[in-house]
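Residue numbers (UniProt numbering): 1 to 100.
Here it is in structure tokens:
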């Protein structure tokens, strides 16, 4: 349904373009556009080995909450618990499917 809408004249008229959207159950979301956060410069050509030595200590990585959430959900599903129940920081448990 989302792809069909995004390809529609209505979406084009409303200038819904160049964005990243997701739908999960009742939730629809727009994601921030990627941007350069940090850069580091090395000398000479890059090889996989050189990148492996250079990247972690210079540019590094940023946390990826969505991947962490997916890992939590996979672990919960494997253990037989309810993977769609989340706890917003400081808040009560919330069921992402619309019930609590």
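Where is the CB? At the ideal position from N, CA and C, for every residue including glycine. Quantities reported herein were computed from a predicted structural model and do not represent experimental measurements.
How is residue i classed by DSSP in three states: helix, strand or coil?
| i | result |
| --- | --- |
| residue 41 | coil |
| residue 29 | strand |
| residue 68 | helix |
For the beta strand (DSSP E) containing residue i, name the first residue and the last one.
| i | result |
| --- | --- |
| residue 23 | 20 to 24 |
May I have the straight-line CA-CA distance separating residue i from residue j, to the nearest angstrom?
| i | j | result |
| --- | --- | --- |
| residue 37 | residue 46 | 20 Å |
| residue 24 | residue 44 | 44 Å |
| residue 79 | residue 67 | 18 Å |
What is the C-beta distance between residue i and residue j, in whole angstroms, given that I count them as a contact (C-beta under 8 Å)?
| i | j | result |
| --- | --- | --- |
| residue 13 | residue 21 | So it is not a contact: roughly 17 Å between Cβ atoms. |
Return the chain-ordered list of same chain residues with a C-beta closer than 6 Å to the C-beta of residue i, the five sequence neighbours on each side being excluded.
| i | result |
| --- | --- |
| residue 59 | 38 and 40 |
| residue 11 | 5 |
Quick check on the DSSP output: the alpha helix (DSSP H) that includes residue i runs from which residue to which?
| i | result |
| --- | --- |
| residue 53 | 48 to 54 |
| residue 10 | 9 to 13 |
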